[in-house]
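**Student:**
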Amino acid sequence: MQRKSYSFINMCLLFGIIGSCRSFLVMLSIRGHKYCPYLWLNQTHPGLSISFLPNHVVHKDTYQQKAFCGVYSDDGNMFLSACQDQNIRLYDTRRGGFTLKRTIKARDVGWSVLDVCFTRDSRSVLYSSWSDYIHVCSIDGEHQTHIALDLNPDERRFCVFSLAASTDGTEILGGANDGCLYVFDREQNRRTLKIDAHEDDVNTVAFADGSSQLLFSGSDDALCKVWDRRTLRENRPQPVGQLAGHRDGITFIHSKCDARYLISNSKDQTIKLWDVRKFSPKEGLAASRLAVTQQNWDYRWQQVPQRALKRHKLTGDTSVMTYRGHGVLHTLIRCRFSPEFSTGQRFIYTGCSTGKIIIYDVLTGRVVSSLTGHEACVRDVSWHPYQDNIISSSWDGAVCLWEHRENHLLDEDRERFVCLSVCLPVCVFAHSCFSPQSFYGSCTY
Numbered sequence: 001m002q003r004k005s006y007s008f009i010n011m012c013l014l015f016g017i018i019g020s021c022r023s024f025l026v027m028l029s030i031r032g033h034k035y036c037p038y039l040w041l042n043q044t045h046p047g048l049s050i051s052f053l054p055n056h057v058v059h060k061d062t063y064q065q066k067a068f069c070g071v072y073s074d075d076g077n078m079f080l081s082a083c084q085d086q087n088i089r090l091y092d093t094r095r096g097g098f099t100l101k102r103t104i105k106a107r108d109v110g111w112s113v114l115d116v117c118f119t120r121d122s123r124s125v126l127y128s129s130w131s132d133y134i135h136v137c138s139i140d141g142e143h144q145t146h147i148a149l150d151l152n153p154d155e156r157r158f159c160v161f162s163l164a165a166s167t168d169g170t171e172i173l174g175g176a177n178d179g180c181l182y183v184f185d186r187e188q189n190r191r192t193l194k195i196d197a198h199e200d201d202v203n204t205v206a207f208a209d210g211s212s213q214l215l216f217s218g219s220d221d222a223l224c225k226v227w228d229r230r231t232l233r234e235n236r237p238q239p240v241g242q243l244a245g246h247r248d249g250i251t252f253i254h255s256k257c258d259a260r261y262l263i264s265n266s267k268d269q270t271i272k273l274w275d276v277r278k279f280s281p282k283e284g285l286a287a288s289r290l291a292v293t294q295q296n297w298d299y300r301w302q303q304v305p306q307r308a309l310k311r312h313k314l315t316g317d318t319s320v321m322t323y324r325g326h327g328v329l330h331t332l333i334r335c336r337f338s339p340e341f342s343t344g345q346r347f348i349y350t351g352c353s354t355g356k357i358i359i360y361d362v363l364t365g366r367v368v369s370s371l372t373g374h375e376a377c378v379r380d381v382s383w384h385p386y387q388d389n390i391i392s393s394s395w396d397g398a399v400c401l402w403e404h405r406e407n408h409l410l411d412e413d414r415e416r417f418v419c420l421s422v423c424l425p426v427c428v429f430a431h432s433c434f435s436p437q438s439f440y441g442s443c444t445y
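Residue numbers are given in the UniProt record's numbering: position 173 of the sequence shown equals residue 173, and the series is strictly consecutive.
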């Protein structure tokens, strides 16, 4: 009797991993990960990852003042935290640890350190505040250097709200309260660009991918703008395109690092997913600007008025998805894509003004987890690039490391995961008819 051969897609149907109906977002996900079936399975089947999300605090450090931001290094071996007490703390996070390694006393601080980031080689850290300077501190070796980089702004009261370092480490990108983008060249040791980018504060900046050629910026004018570093000119700054759909200011932008997708967090209490291949038309820009002018409340100390929670899309809104379920009040709360390595970027996670960490499913928009434990707003969140843990930084002065605890896993979820983890490698590799190219090559969307 001839042994029956099953294709990969037959096995996926057999185990219930895929069904007969797929949304546009799912098809985009499949196409985007066509050479990595395991990441695709992780994205489209909740039994493989939702049941193992971080849910329990295993480490905690408490400060006397508000924790403003915190981020993992690219390799996950270090965590950088900034507090209103003007101290920048560096933690050793190797092998699941959370040990204070070094404390840097910040200089020239107005109110608080507002943003920090690692250089791409993780040998230095950058920070900014209400100051004309961006500061660079070395963390590699015993002898610490601390250098101030003068941005030479025209404004008397000046602040860089957001920082990003280029992949090669030569340029630093900043977004400021004067509506401008700043580029500082570390090799030339001077500001090389000042771009009049937005009509209001630039709250967030990001590089689109590892090339560091495409830039994203987000502002209190409610617009996301895309810039090409190669064509930027101070005398005639023209964005490649603009993304409109938010009704209020944008607090943070995070790139999927594929030069296609990004997410934006907003004071209109939503996160939006964007595709840079679909910019907004003129009517969309006009509708978003009009919506901003109609906002007459201050998110820093007022509660969200009901009229600000409109759910219908603005004219010309080109966002792919909108996510609701978290609060954006008091400060520039941040959101991010979950890591590629451990989750296939299946999730969006964000801080919340209620003290929670909210995790959304990218494809469905559903809240899949809500972590409680802080007593004040969570301003920043950072997911380990290779491990399933999240560190949250809150205005209650606590920095918490969250991991998964098995006792929170339902028995049926555990059985399903074990079954899939045993069977799927056999399904993928035991049949010579399967290849990623053959599975995705015949699909056109």
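The beta carbon of each residue, even a glycine, is placed where N, CA and C say it ideally should be. Predicted model, so just to flag it, every value in this text is computed and none were measured.
Can LEU193 and ILE139 be called in contact, C-beta distance under 7 angstroms?
**Tutor:** no
**Student:** Mind checking whether the beta-carbon of THR364 lies closer than 6 angstroms to any heavy atom of the ligand HEM?
**Tutor:** As presented, the structure is devoid of all ligands, the ligand HEM included, so that no description of it is given.
**Student:** By the DSSP assignment, the alpha helix (DSSP H) with THR293 in it spans what residues?
**Tutor:** THR293: member of the alpha helix (DSSP H) spanning 282-293, first to last residue.
**Student:** Please go through the same chain and pick out, in chain order, the residues whose beta-carbon is closer than 6 angstroms to the beta-carbon of HIS326, but skip the five residues on each side of it.
**Tutor:** Taken in chain order, the residues that qualify are THR350, CYS352 and ILE358.
**Student:** Tell me whether the beta-carbon of VAL116 lies closer than 7 angstroms to the beta-carbon of TYR127.
**Tutor:** Contact: yes.
**Student:** Since residue 467 is in the alpha helix (DSSP H), which residue starts that stretch and which ends it?
**Tutor:** The question about residue 467 has no answer here: the residues shown for the chain are numbered 1 through 445.
**Student:** Here's the rule I'm using: 16 or more other beta-carbon atoms within 10 Å means buried, otherwise exposed. How should TRP111 be labelled?
**Tutor:** exposed
**Student:** Which residues does DSSP list as the beta-bridge partners of THR322?
**Tutor:** LYS272
**Student:** What would DSSP say about LEU41, mapped onto helix, strand or coil?
**Tutor:** For LEU41, the predicted model reports a pLDDT of 43, less than 50, meaning its position is unreliable; a value from the coordinates is still stated below. It is helical.
**Student:** Apart from the five residues on each side of it in sequence, which residues of its chain come closer than 8 angstroms, Cβ to Cβ, to SER266?
**Tutor:** ALA222, HIS246, ARG247, ASP248, GLY249, ILE250, THR251, LYS272 and VAL328
**Student:** Cutting at 7 angstroms between CB atoms, please list the residues of its own chain near LYS101, excluding the five before and the five after it.
**Tutor:** LEU90, TYR91 and ASP92
**Student:** I believe CYS381 touches GLY355 by the beta-carbon criterion, under 8 angstroms. Please report the beta-carbon distance rounded to the nearest angstrom.
**Tutor:** According to the sequence shown, residue 381 is Val rather than Cys. Not quite, the Cβ-Cβ distance comes to about 12 angstroms (not below 8 angstroms), so this is no contact.
**Student:** Less than 7 angstroms between the C-beta atoms of LEU214 and ALA259, yes or no?
**Tutor:** yes
**Student:** Measure the CB-CB distance between SER255 and ALA206 and report whether it falls below 7 angstroms.
**Tutor:** Yes, the pair counts as a contact, with Cβ atoms nearer than the cut-off.
**Student:** Could you give the residue range of the beta strand (DSSP E) that holds ALA164?
**Tutor:** 160-165
**Student:** Taking ARG186 and THR170 to be in contact with their CB atoms under 8 angstroms, please state how far apart those CB atoms are, rounded to whole angstroms.
**Tutor:** 6 angstroms
**Student:** Any contact between the stretch 388-399 and the stretch 362-376? By contact I mean 3 or more CB pairs, one from each, below 8 angstroms.
**Tutor:** yes
**Student:** Under 7 angstroms, do GLU403 and VAL71 count as touching if we go by C-beta distance?
**Tutor:** Contact: no.
**Student:** Just how far apart, CA to CA, sit ASP178 and SER131?
**Tutor:** 12 angstroms
**Student:** Per DSSP, what are the beta-bridge partners of LEU90 in this structure?
**Tutor:** LEU90 pairs with LEU80 and ARG102.
**Student:** Evaluate contact between the stretch 270-288 and the stretch 313-322, counting only Cβ atoms and requiring at least three cross-stretch pairs below 8 angstroms.
**Tutor:** Short answer: they touch.
**Student:** Can you list, in chain order, the residues of its chain whose CB lies under 6 angstroms from that of residue 506, leaving out five sequence neighbours each side?
**Tutor:** Absent from the structure is residue 506, since the part of the chain shown begins at 1 and ends at 445.
**Student:** Are the CB atoms of ALA106 and GLN86 within a distance shorter than 7 angstroms?
**Tutor:** yes
**Student:** Can you tell me whether GLU403 is helix, strand or coil according to DSSP?
**Tutor:** strand
**Student:** Look at the alpha carbon of ILE30 and the alpha carbon of THR270, and state the distance between them as a whole number of angstroms.
**Tutor:** Reliability of the predicted coordinates at ILE30 is poor, the pLDDT of 47 falling under 50, and no value is obtained from them.
**Student:** Please state the DSSP three-state secondary structure of THR119.
**Tutor:** coil
**Student:** What's the gap between the Cα of VAL199 and the Cα of SER219?
**Tutor:** It is Glu, not Val, that sits at residue 199 in the sequence shown. C-alpha separation (whole angstroms): 8 angstroms.
**Student:** Helix or strand or just coil, what does DSSP make of CYS352?
**Tutor:** Residue state, collapsed to three classes: coil.
**Student:** Which one of THR99, SER129, SER288 and CYS335 has the shortest CA to CA distance from HIS312?
**Tutor:** For HIS312, the closest alpha carbon among the candidates THR99, SER129, SER288 and CYS335 is that of SER288.
**Student:** Could you have a look at GLN306 and say whether DSSP puts it in helix, strand or coil?
**Tutor:** helix
**Student:** Any idea what DSSP makes of ASP231, helix, strand or coil?
**Tutor:** Sequence inspection shows Thr at residue 231; the Asp mentioned does not correspond to that position. In this structure, THR231 counts as helix in the three-state DSSP scheme.
**Student:** Please identify the residue among GLN188, HIS56 and ASP209 whose C-alpha is closest to the C-alpha of ARG120.
**Tutor:** ASP209
**Student:** DSSP three-state call for PHE279: helix, strand or coil?
**Tutor:** coil
**Student:** Between LYS125 and the rest of its own chain, which residues show a CB-CB distance below 8 angstroms, the 5 nearest in sequence each way excluded?
**Tutor:** This sequence places Val at residue 125; Lys is not what is there. Hits under 8 angstroms: LEU80, ILE88, LEU90, ILE104, VAL116, CYS117, PHE118, THR119, VAL136, CYS137 and ILE139.
**Student:** Do SER217 and ALA197 count as a contact pair if the criterion is CB distance below 7 angstroms?
**Tutor:** Taking 7 angstroms as the cut-off, the Cβ atoms of ALA197 and SER217 count as close.
**Student:** Please state the DSSP three-state secondary structure of GLY96.
**Tutor:** helix
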